[in-house]
Amino acid sequence: TNAPTATMPPLETPGGIVVDSEEKANALADQFETNHRICDENDGQIIEEEIRQYLNIHTAHPQQFEIARPKEIKTYTNTFKNTKSPGPDNIQNILLKNLTKKGLILLTRLANQILKQEYFPQAWKAGKTVPIHKTGKPQHLPASYRPITLLNTMSKTVEKAILTRIKRHLTDHSIIPNSQYGFRENHSTVHPLCRPIESTIVNFNQHKHTGVILIDLEKAFDSIWTAGLIYKLIKLKFPTYLINTISSYLTNRTSYVFTNRGRSTARMVPAGVPQGSILGPVLFNIYIHDLPEQPTTTLLAYADDITVFASSRSEKHITRHLQTHLDSIANYCKQWKLKISSSKTEAILLTRRKITGRYKLQLEGRELMWVPHVKYLGVTLERPLKFRRHTSNVALQAKRIKNILLPLLNKNSPLHADLKLTIYKQLIRPILTYASASWITIALANRLKLQ
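Just so we're aligned, residue 539 is where the sequence shown starts under the numbering used here, counting upward by one.
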């Protein structure tokens with residue numbers, strides 16, 4: 539369940555310290571509102587005019603749409619978890635899961651009317667935003683909280699119907715590239731982790747280095763340019779009814795922040811896709827499906843975690859290839875109103891030799907230094923890829939959890955051995971084995987740290 543942070547301390551804002559619950563909610567709403575500002579380096583007037591022309595031509599004539607059936611809607615409501623918090627309508631998931639046949643038919647009719655009219659109800663575009671504290675960040679700063687949007691339960695049912703139709707078009711036309719691993723069935727973080735690691739190990743045997751850049755997109759989900767997304771849907775030849783319905787879904791959205799004891803005023807959401815929504819992830823994947831690739835480098839993406847790597851015996855060649863690709867991605871981001879965080883973007887040169895440091899990368903006028911280690915999708919990579927730091931960090935984290943659980947796991951605990959084993963498998967083992975396929979080559983000494 540996504541729940542508000544239980545005990546939120548006073549928040550530090552530009553106007554002073556905020557103690558009152560309602561003022562805290564408004565301070566967080568102010569912070570989240572800034573996340574939805576898009577980069578204005580490209581004014582986008584040509585794209586917006588092309589969208590207007592398209593909609594003027596195609597909206598004048600009724601469009602065919604794929605009708606939803608009660609059986610389809612029932613499969614969606616069955617997937618809802620009973621423990622999930624409700625949105626602004628306060629309708630619990632269990633209520634929709636137990637609809638009568640007549641209620642299911644009415645909900646299906648409603649879904650079909652939305653698809654037919656190409657209009658998403660305004661009442662369903664109000665989001666209840668819950669602030670979730672980011673682990674390791676100072677709790678007194680509004681920037682240390684992540685917004686999770688709770689949407690109306692009935693809205694999520696229709697979103698699932700729209701999602702099914704979007705996915706069918708994506709599959710039929712092979713739109714999402716193989717380089718994108720995020721939010722895709724049968725894909726996980728292990729896949730993009732293994733690619734550069736396997737390549738690095740193979741290249742070590744050929745006396746080659748591998749350079750890796752981890753590109754950080756700033757507030758990527760919150761700053762998606764709506765007009766740019768609609769433009770891409772048009773160019774990808776999505777059915778007009780889907781384009782118009784998605785456009786309606788994304789425009790004139792509002793949200794308010796809800797804490798345990800306070801509620802902010804409603805705010806307009808001018809950009810981005812709702813975090814916590816059904817459609818948000820797939821719409822994001824569509825938006826960045828055309829990230830530029832280069833023949834001399836490899837591009838990988840896990841949602842908004844973008845990685846570029848290249849291998850060569852020459853540091854100079856690696857730097858040149860990576861710089862060319864980095865410049866291409868930076869230009870792409872300017873065109874589509876995305877912002878790269880130069881302070882959070884990192885580069886590492888994986889090698890068994892000492893690096894000269896003569897060749898450096900540049901990002902938006904800032905020098906990008908080669909760092910000795912980076913954290914990539916939860917796994918620490920370091921020169922020369924021995925995973926010493928990763929295994930030490932993992933062992934320490936698992937030990938902390940074990941110490942917390944020691945009253946339950948020690949030999950004098952009244953818990954049955956089977957229950958102790960279940961606790962270990964659920965809370966400790968996943969820490970030790972996360973993405974283990976990517977670091978399976980670790981030395982025995984590092985393996986023993988995890989025993």
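Glycine is no exception: its CB is placed at the ideal position from the N, C-alpha and C atoms.
Predicted, not measured: the structure shown is a model, and the values here were computed from it.
**Buried/exposed call for His574, threshold 16 Cβ in 10 Å** = In the sequence shown, the residue the question calls residue 574 occupies position 36. Flag for His574 reads buried.
**Asked** Given that a residue counts as buried once 16 or more other Cβ atoms are within 10 Å of its Cβ, and exposed if not, what is Ile595?
**Response** As a position in the sequence shown, residue 595 is number 57, starting the count at 1. So Ile595 ends up on the exposed side.
**Request:** Kindly indicate which residue of Ser881, Pro547, Lys663, Ile824 has the alpha-carbon position closest to the one of Thr691.
**Result:** As a position in the sequence shown, residue 691 is number 153, starting the count at 1. For Thr691, the closest of Ser881, Pro547, Lys663, Ile824 by C-alpha to C-alpha distance is Lys663.
**Prompt:** Buried or exposed: which applies to Ile784, given that a residue is buried once 16 or more other Cβ atoms fall within 10 Å of its Cβ?
**Reply:** Counted from its first residue, the sequence shown places residue 784 at position 246. Buried, by the Cβ-count rule.
**Item:** First and last residue of the uninterrupted alpha helix (DSSP H) at Leu688
**Value:** The sequence position of residue 688 within the sequence shown is 150, counting from 1. No alpha helix (DSSP H) contains Leu688, which is instead part of the beta strand (DSSP E) from 683–688.
**Asked** Helix, strand or coil: which one does DSSP assign to Thr929?
**Response** As a position in the sequence shown, residue 929 is number 391, starting the count at 1. Three-state result, Thr929: helix.
**Asked** Can you tell which of Glu853, Lys854, Leu837 has its C-alpha closest to the C-alpha of His847?
**Response** Residue mapping note: residue 847 aligns to position 309 of the sequence shown, counting from 1. With the sequence shown as reference, residue 847 is identified as Phe, and His is not the correct amino acid for it. Nearest C-alpha to Phe847 among Glu853, Lys854, Leu837: Leu837.
**Request:** Just confirm the distance between the C-beta atoms of Gly800 and Glu560, as a whole number of angstroms; I'd bet it's less than 8 angstroms.
**Result:** Position 262 of the sequence shown, counted from the start, is the residue given in the question as residue 800. Position 22 of the sequence shown, counted from the start, is the residue given in the question as residue 560. That pair is a contact at about 4 angstroms.
**Request:** Answer with yes or no whether the minimum CB distance from Ile893 to chain C is below 9 angstroms.
**Result:** No chain C appears in this structure, which consists of one protein chain only.
**Prompt:** From Phe796, Asn782, His859, Glu905, pick the residue whose C-alpha is nearest to that of Pro659; which is it?
**Reply:** Taking the first residue of the sequence shown as position 1, residue 659 is located at position 121. When C-alpha distances from Pro659 are compared across Phe796, Asn782, His859, Glu905, the shortest belongs to Asn782.
**Asked** For Pro669, is the classification buried or exposed, using 16 other Cβ atoms within 10 angstroms of its Cβ as the cut-off for buried?
**Response** Looking up residue 669 in the sequence shown gives position 131. It counts as buried.
**Prompt:** In chain order, what residues of the same chain lie with their CB nearer than 7 angstroms to the CB of Val556, ignoring the 5 residues before and after it?
**Reply:** The count along the sequence shown starts at 1 and reaches residue 556 at position 18. Pro548, Leu549, Lys562, Ala565.
**Prompt:** Straight-line CA distance for Leu642 to Thr789?
**Reply:** Along the sequence shown, read from residue 1 onward, the residue named residue 642 stands at position 104. Along the sequence shown, read from residue 1 onward, the residue named residue 789 stands at position 251. Answer to the nearest angstrom: the Cα atoms are 28 angstroms apart.
**Spatial neighbours of Lys705 in its chain, beta-carbon cut-off 8 angstroms, leaving aside the 5 residues before and after** = Here residue 705 corresponds to residue number 167 of the sequence shown, with the count starting at 1. Closer than 8 angstroms at Cβ, skipping near neighbours: Val820.
**Request:** Mind checking which residues open and close the beta strand (DSSP E) that includes Val556?
**Result:** The residue labelled residue 556 in the question sits at position 18 within the sequence shown. DSSP places Val556 in the uninterrupted beta strand (DSSP E) bounded by 554–556.
**Message:** From the DSSP secondary-structure annotation, give me the bridge partner or partners of Thr667.
**Reply:** In the sequence shown, residue 667 corresponds to position 129, counting from 1. DSSP, once it has assigned bridges, lists Thr687, Val795 as partnering Thr667.
**Request:** Could you spell out the range, first to last residue, of the alpha helix (DSSP H) harbouring His729?
**Result:** Working through the sequence shown from its first residue, we reach residue 729 at position 191. Counting along the chain, the alpha helix (DSSP H) containing His729 begins and ends at 728–742.
**Prompt:** Which residues does DSSP pair with Gln900 in a beta bridge?
**Reply:** The residue you call residue 900 lines up with position 362 of the sequence shown. Looking at the DSSP assignment, Gln900 forms a beta bridge with Glu905.
**Prompt:** Can you give the Cα-Cα distance for Thr539 and Val811, rounded to whole angstroms?
**Reply:** Along the sequence shown, read from residue 1 onward, the residue named residue 539 stands at position 1. Along the sequence shown, read from residue 1 onward, the residue named residue 811 stands at position 273. Bear in mind that the predicted position of Thr539 carries a pLDDT of just 45, short of 50, making it unreliable; the figure below should be weighed with that in mind. Taking the straight line from one Cα to the other gives about 21 angstroms.
**Three-state class that DSSP yields for Arg607 in the structure shown** = As a first step, residue 607 is located in the sequence shown; it is residue number 69 there, counting from the start. Three-state result, Arg607: coil.
**Item:** Top-ranked residue by Cα proximity to Thr545, from Arg926, Asp558, Thr551
**Value:** Translated into positions along the sequence shown, residue 545 becomes position 7. The option with the nearest alpha carbon to Thr545 is Asp558.
**Item:** For Thr764, the first and last residue of its enclosing alpha helix (DSSP H)
**Value:** Taking the sequence shown and counting its residues from 1, one reaches residue 764 at position 226. Here the alpha helix (DSSP H) through Thr764 covers 764–773.
**Start-to-end residues for the alpha helix (DSSP H) that takes in Gly641** = What you label residue 641 is simply residue 103 of the sequence shown in a count that begins at 1. Looking at the DSSP string, the run of the alpha helix (DSSP H) that includes Gly641 is 639–655.
**Item:** Runs of beta strand (DSSP E) lying entirely within the region 813–880, each at least 3 residues, in chain order
**Value:** Those beta strand (DSSP E) runs which fall completely within the region 813–880 and span 3+ residues are 836–840, 843–850.
**Prompt:** For Tyr719, does the three-state DSSP call read helix, strand or coil?
**Reply:** Working through the sequence shown from its first residue, we reach residue 719 at position 181. Coil at Tyr719, not helix or strand.
**Prompt:** From Ala606, Thr929, Lys666, Thr857, pick the residue whose C-alpha is nearest to that of Met806; which is it?
**Reply:** To locate residue 806, count along the sequence shown from 1; it is residue 268. Looking at the Cα atoms, Lys666 is the closest of the given residues.
**Message:** I need the boundaries of the beta strand (DSSP E) containing His747, first residue and last residue.
**Reply:** Here the question's residue 747 lines up with position 209 in the sequence shown. Here the beta strand (DSSP E) through His747 covers 747–754.
**Message:** Excluding the 5 residues flanking Ile589 on each side, which residues of the same chain have their C-beta closer than 8 angstroms to its C-beta?
**Reply:** Stepping through the sequence shown from its first residue, residue 589 is reached at position 51. Around Ile589: Ala765, Ile768, Tyr769, Ile772.
**Asked** What are the boundary residues of the beta strand (DSSP E) that Tyr914 is part of?
**Response** Residue numbering aside, residue 914 sits at position 376 when the sequence shown is read from its first letter. Run containing Tyr914: 911–914, per the beta strand (DSSP E) assignment.
**Request:** Return the CA-CA distance between Gln744 and Gly674, expressed in angstroms with no decimal places.
**Result:** Along the sequence shown, read from residue 1 onward, the residue named residue 744 stands at position 206. Along the sequence shown, read from residue 1 onward, the residue named residue 674 stands at position 136. Taking C-alpha positions only, Gln744 is separated from Gly674 by approximately 40 angstroms.
**Request:** Given a cut-off of 9 angstroms, decide if Tyr897 and Lys854 are closer than it, judged by their beta-carbon atoms.
**Result:** Walking along the sequence shown from the start, residue 854 turns up at place 316. Walking along the sequence shown from the start, residue 897 turns up at place 359. Cβ distance < 9 angstroms, so Lys854 and Tyr897 count as in contact.
**Exposed unless 16 or more other CB atoms sit within 10 angstroms - verdict on Thr979** = Here residue 979 corresponds to residue number 441 of the sequence shown, with the count starting at 1. Thr979 comes out exposed.
**Message:** Between which residues of its own chain and Ala975 is the CB-CB distance below 7 angstroms, once the five residues before and five after are set aside?
**Reply:** Taking the sequence shown and counting its residues from 1, the one referred to as residue 975 is at position 437. Shown here for Ala975: same chain residues with a beta carbon closer than 7 angstroms to its own, the five before and five after excluded, namely Val728, Cys732 in chain order.
**Candidates Pro626, Leu653, Ala839: closest to Tyr719 by CA position** = Within the sequence shown, residue 719 is the residue found at index 181, counting from 1. Checking every option, the nearest Cα to that of Tyr719 belongs to Ala839.
**Request:** Have a look at Ala973 and Lys987 and give me their C-alpha separation to the nearest angstrom.
**Result:** Sequence index remark: in the sequence shown, residue 973 carries index 435 (1-based). Sequence index remark: in the sequence shown, residue 987 carries index 449 (1-based). Roughly 17 angstroms separates the two Cα atoms.
**Prompt:** Once you ignore the five residues that flank Lys672 on each side, which residues in its own chain have a CB closer than 6 angstroms to its CB?
**Reply:** Here residue 672 refers to the residue found at position 134 of the sequence shown. Excluding sequence neighbours, Lys672 sits near Ser682, Arg684.
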